[in-house]
Amino acid sequence: MIPRELRLLVWLLLVHCVGIYLFTKGFLLSRLALPNRNSCTHDACTSLATHKRAVILVIDALRFDFISSHPPDPPSPYHHNVLNLPRELTAAHPNHSFIFNAHADPPTTTLQRIKGLTTGSLPTFVDVGESFGGSAILEDSLLHQVVAAGRKVALAGDDTWVTLFPDFFGHNMSFPFDSFNVEDLHTVDEGVISNLLPLLENHSQSWGLAIGHCLGVDHAGHRVGPDHPVMKAKLEQMNEFLADVVRAMNEDTLLVLLGDHGMDRAGNHGGDSIFETMSAVWIYSKGVALSAGSTSLPTTILPTTVFPGETTPHRFIQQIDLVPTLSLLLGLPIPFNSLGSVIPELFNRNVGGSGVQTALELNANQIKHYLDTYHASPYGGELDGNWAELSDSWLATQTASSDDSLDALTDSNRLTLSTCRALWAQFSLTLIGAGLAVIAASIAAAYCAYSLLGEDAKKWDELLERRLSTSLRAGVVGLTSGGVAYFPLQNLLEGVHLHHAALFGGAIASTLTLTFTCRPSFGTHVLTSIPVILILHTLCFASNSFTIWEDRIVLFLGISSLVPSVLAGFTAPTPRLRNRILGFSALFAVCVRLMAISTVCREEQHPYCAVTFYVSPTSSAPPVFALLVTPVVMFILPYVIRRILGISKSDKGLAVIFLPWILTSALAAGTAFWVLEWAHSTEFFGDGINSWFRLTRTVLAGLLFGVMVFGSITLWWTSPVCLEIKSEARKESQPGHQDQKTQVTVLGFANAFGSPYFVFWTIFLSIVWLCTQLTGQAVLGLATVALLAHLEIVDSVRDVRGLTDAFASSKPLDLNALRRDLSFSEVVPLALLAIHAFHGTGHQPTIPSMQWKTAFMFTSTVSFPFSQLTVITNTLGPHFLMGLASPLLVLWNLQPIPPPRGLAASSLRAGLGVMLYFATLLFGSAACAVVLRRHLMVWKIFGPRYMFAAISVVAIDLGVVVGVGIGVSRVRERIEKIFEAMA
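Residues 1 to 983 in the UniProt record's numbering are what the sequence shown lists, from first letter to last.
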């Protein structure tokens with residue numbers, strides 16, 4: 001039968017998931033893709049055509065400053081490595097060659113950018129979730145139009161294209177390569193070179209569009225950063241390949257060289273920083289000129305921008321502008337959903353600019369047709385607020401004079417683009433309100449249960465049996481009622497579906513029932529226990545600057561959380577307790593401060609933040625100090641754990657075997673894995689040794705994971721106790737006879753519950769350690785010591801309170817009875833330690849900070865579910881560990897005799913406390929994101945912080961569920977069985 005406390009925790013986890021789901025559906029809406037296909041008359045499609053075929057050469061993550069026809073002399077800081085375009089083409093034939101700085105809409109992940117490059121439409125924030133796998137593109141696209149025109153499409157490179165367009169590539173013209181093997185810098189590029197060039201040379205008449213997608217530059221950025229010599233070598237290889245492509249092209253072929261996105265200073269991408277969104281585009285025509293150069297176009301339709309670190313402005317376009325431009329240059333209809341505008345320079349071939357005029361008119365007509373169709377769709381009401389402005393803009397294109405026509409057409413197209421960008425950031429306030437209500441109700445229910453357990457643990461049986469059962473029955477009724485109520489109200493609830501209403505009804509009914517049946521008593525104690533730190537932490541999300549600098553704020557709050565303990569230490573009645581509290585408080589503070597040395601900076605933190613997690617801001621390699629310090633931390637950590645357990649003589653039993661041998665070996669293997677990864681990434685060794693590195697660390701990771709997950713947990717489950725029982729026969733002389741008695745000594749008695757549970761915790765520590773890079777491993781070691789220090793502080797402060805109460809009342813002191821007196825101030829440092837460790841292990845609540853190389857720990861390519869699990873463990877491991885550690889606040893230094901009453905209730909209360917902290921942060925971040933939904937930084941700061949708060953709540957909840965439901969129940973069962981005869 002499922003333990004009663006486990007049912008409550010799982011129910012609360014499900015309620016959190018419902019609240020997150022409803023809020024997310026309202027806050028992050030997906031774009032509606034219309035299924036229509038565009039078409040046009042033959043003359044309209046072919047009047048501007050210049051080429052029969054095109055080559056799209058994508059060099060993944062080719063940032064704008066990576067490409068140049070005239071690199072600066074001397075090189076600027078942003079031109080360490082440059083792809084040099086053929087100077088004879090860009091200089092001698094200026095009307096055949098154009099360079100653009102193209103804006104790639106975020107999220108800047110490859111799959112979303114391919115969608116934009118082929119459909120001309122915009123991604124949405126939530127689309128980034130498809131990065132590990134997407135479905136086929138069904139909406140109109142450039143590839144749809146090429147195939148509809150009877151032409152074939154060829155591909156060599158990134159297999160994401162095959163995923164998105166599974167039936168579009170010609171027979172014997174598709175050469176896909178795995179796109180997620182970040183460690184492989186050469187296979188995809190060499191495959192593109194060996195397969196694309198023969199297509200250009202020998203089969204030019206059999207295809208209409210050839211796509212080559214190289215990945216080496218992107219993988220080099222992820223592996224070693226943009227300034228590493230490896231990046232220079234990759235760009236030199238691309239230089240040679242580009243020259244070969246130009247030589248192999250026919251004169252009727254158009255070449256488009258581009259980056260699908262850029263990369264940040266560390267070589268990553270996915271977000272919306274200027275380095276990630278500024279990608280390069282070079283368009284070259286070997287035959288017909290793209291521009292006559294005789295007609296001067298108005299500068300108002302030719303915007304420019306200045307790249308960071310430079311002074312010269314460059315021509316600036318939207319990346320999706322390539323879609324209508326290429327379509328018209330190839331004589332094809334513009335894809336129906338495209339929002340791009342044609343690039344005027346490429347149609348400037350007629351005297352008087354009539355070519356540009358025609359291109360912009362065709363473009364504007366296509367966009368107007370799209371808007372009319374969208375407005376007439378079921379979702380067309382979203383445009384009502386902007387329809388008048390859009391209509392006036394279109395009318396201006398029809399009434400503009402010949403001198404103003406180009407400006408009017410361009411303005412109309414760009415207005416539509418900006419409107420739709422804002423449109424797809426629209427929010428369903430109904431679902432948002434429902435999600436917030438569920439999250440708030442879950443906090444109220446958890447608080448009531450937490451408070452009731454604190455008032456009288458005897459009520460816990462009634463709470464879990466009667467009241468929880470009543471709440472679950474109410475949830476079923478609410479689920480049904482919500483579904484029934486949906487039908488008469490569906491016309492009033494825009495964007496709400498049947499399952500939304502049912503989930504909302506069930507969650508609200510069950511949480512409110514538990515809240516009202518478990519109402520705690522309110523008195524002056526409530527005012528004296530206000531969680532000030534939690535309130536301050538939550539209010540930080542109302543400010544973009546505080547949210548940006550949360551890592552520093554958490555450091556301050558973490559040190560500040562020691563204040564109550566330090567004050568208790570100064571008032572301790574014995575020198576021993578005073579020294580313990582102040583000494584462990586100092587140890588906690590030192591560990592927390594040292595953890596803060598490891599930093600990964602958000603873009604917004606520059607120039608006031610220095611990256612120390614990596615060797616430099618432009619590298620993903622560990623710093624030298626991590627290579628030196630982490631192995632030392634790895635060996636010292638098990639020793640420190642044994643020393644602290646030795647204070648209570650609880651380093652016996654299983655701990656004697658597990659800590660010095662199994663845990664040390666596991667930590668050593670995890671560190672060795674990342675040292676081998678570093679050696680592999682340096683490229684100092686030949687391919688043979690690198691292959692050995694890859695095989696060795698793959699086997700090491702798989703072996704370690706299997707041993708710890710299956711072997712260590714089995715060993716712990718079989719014999720979790722950390723006790724050593726000694727029997728000694730003693731003779732006692734009595735008058736007239738002599739008796740022999742047996743004296744039993746139990747070493748580890750004082751911490752009989754806490755020590756075996758901590759061994760259980762270290763099993764999961766070793767798994768998170770494996771998935772954490774070298775600098776982060778050192779941080780995890782410090783976090784572990786800080787956790788132990790906090791547990792000793794909590795235990796000592798309770799002893800101080802117990803002694804103080806005993807002296808005041810003159811009643812016998814029962815320290816064991818005080819173990820259930822958990823205060824929320826004792827939970828706060830644990831919660832802050834989770835967030836602090838998250839930052840210290842190289843993370844920020846931003847997409848670019850994701851450590852994607854952890855996806856390739858068990859295999860050299862993405863493999864479901866291992867790649868996803870390792871990335872999740874790397875990101876959320878600290879949260880899971882601290883959620884798992886919450887029962888230790890109750891179990892630490894808890895004696896088994898007399899049997900502790902309400903141990904399950906006390907452990908449950910500790911878990912509820914840490915869940916309450918993170919659920920409150922979730923509510924605060926969600927509420928602030930809604931209030932600031934029109935803020936300029938909503939998708940850069942507040943939206944990502946909410947998403948991180950959501951996933952961290954789930955990680956914390958899972959840690960508590962595993963800890964209370966499995967760890968505590970097993971420890972209690974084994975310890976009670978051993979001591980039941982001694983009670």
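All C-beta atoms, glycine included, are put in the ideal place defined by N, C-alpha and C.
Bridge partner(s) assigned by DSSP for MET708: For MET708, which the question treats as bridged, DSSP gives no partner whatsoever.
SER442 versus LEU6: straight-line alpha-carbon distance, rounded: 16 Å
Alpha helix (DSSP H) runs contained entirely in the segment 237 to 310, provided each spans 4 or more residues: 274 to 277
Pick from LEU534, LEU667, ARG53, ARG63 that is closest to LEU142, judged by C-alpha positions: ARG53
Buried/exposed call for HIS879, threshold 16 Cβ in 10 Å: buried
Closest residue to GLU677 among ILE657, ALA701, ARG933, VAL656 (Cα-Cα distance): Per the Cα distances, ALA701.
Nonlocal neighbours in the same chain, by C-beta distance under 7 Å from LEU534, ignoring five residues either side: VAL828, TYR917, THR920
Reference LEU257; option with closest CA among PRO313, ALA444, LEU322, THR299: Looking at the Cα atoms, LEU322 is the closest of the given residues.
Start and end residues, beta strand (DSSP E) containing ILE211: 209 to 214
Secondary structure of ASN386, DSSP reduced to three states: Here ASN386 sits in helix by DSSP.
Residues near PRO123 in its chain [Cβ-Cβ closer than 7 Å; skip 5 each side]: ASP105, PRO107, GLN112, LYS115, GLY116
Range of the contiguous alpha helix (DSSP H) that encloses GLN357: 354 to 376
Beta-carbon gap between SER174 and LEU197 smaller than 8 Å: no
Among ILE334, LEU329, LEU339, ASN337, nearest to GLU345 - alpha-carbon criterion: The residue with the shortest Cα to Cα distance from GLU345 is LEU329.
Proximity of MET882 and LEU922 at Cβ, strictly below 8 Å: no
Identity of the residues DSSP links to PHE169 by a beta bridge: DSSP, once it has assigned bridges, lists VAL153 as partnering PHE169.
Cα-Cα separation, TRP717 to LEU138: A direct Cα-Cα distance of roughly 51 Å separates TRP717 from LEU138.
Residue nearest to VAL930 in terms of C-alpha spacing, selected from VAL476, MET249, GLY435, THR846: Ranking VAL476, MET249, GLY435, THR846 by Cα distance to VAL930 puts GLY435 first.
Under the three-state DSSP convention, the category GLN112 falls into: helix
Given GLU276 as reference, the closest of PHE241, LEU185, ALA672, GLN319 once Cα atoms are compared: GLN319
Contacts around ILE211, its chain only, beta-carbon distance under 6 Å, and the 5 residues preceding and following it disregarded: If you ignore the 5 residues before and after ILE211, its C-beta comes within less than 6 Å of the C-beta of ILE56, LEU155, all in its own chain and listed in chain order.
Alpha-carbon spacing of PRO520 relative to CYS448, whole angstroms: The alpha-carbon atoms of PRO520 and CYS448 are separated by roughly 6 Å.
Beta-carbon proximity check, GLY688 vs LEU723, cutoff 8 Å: no
For ALA54, the first and last residue of its enclosing beta strand (DSSP E): 53 to 59
Under the three-state DSSP convention, the category LYS977 falls into: helix
Per DSSP, cross-strand counterpart(s) of VAL746: ILE725
Pairwise C-alpha distance: ALA408 and TRP394: 8 Å
Per-residue burial, ARG421 [other beta carbons within 10 Å of its own, 16 or more giving buried]: By the 10 Å Cβ count, ARG421 comes out exposed.
TRP11 burial status per 10 Å Cβ neighbour count (16 or more: buried): buried
Coil, strand or helix - LEU12 by DSSP: If DSSP states are grouped into helix, strand and coil, LEU12 belongs with the helices.
Rounded straight-line distance, which links the Cα of THR163 to that of TRP692: Rounded to whole angstroms, the gap between the alpha carbons of TRP692 and THR163 is 32 Å.
Cβ pair LEU8, LEU468 closer than 8 Å: yes
GLY380 beta carbon less than 8 Å from that of SER598: With contacts defined as CB atoms closer than 8 Å, SER598 and GLY380 fail to qualify as a contacting pair.
Span separating the alpha-carbon of LEU297 from that of ALA149: 32 Å
Local conformation of SER174 per DSSP, three classes: strand
4 or more residues per run - each alpha helix (DSSP H) lying fully within the segment 571 to 597: List check, alpha helix (DSSP H) in window: 575 to 595.
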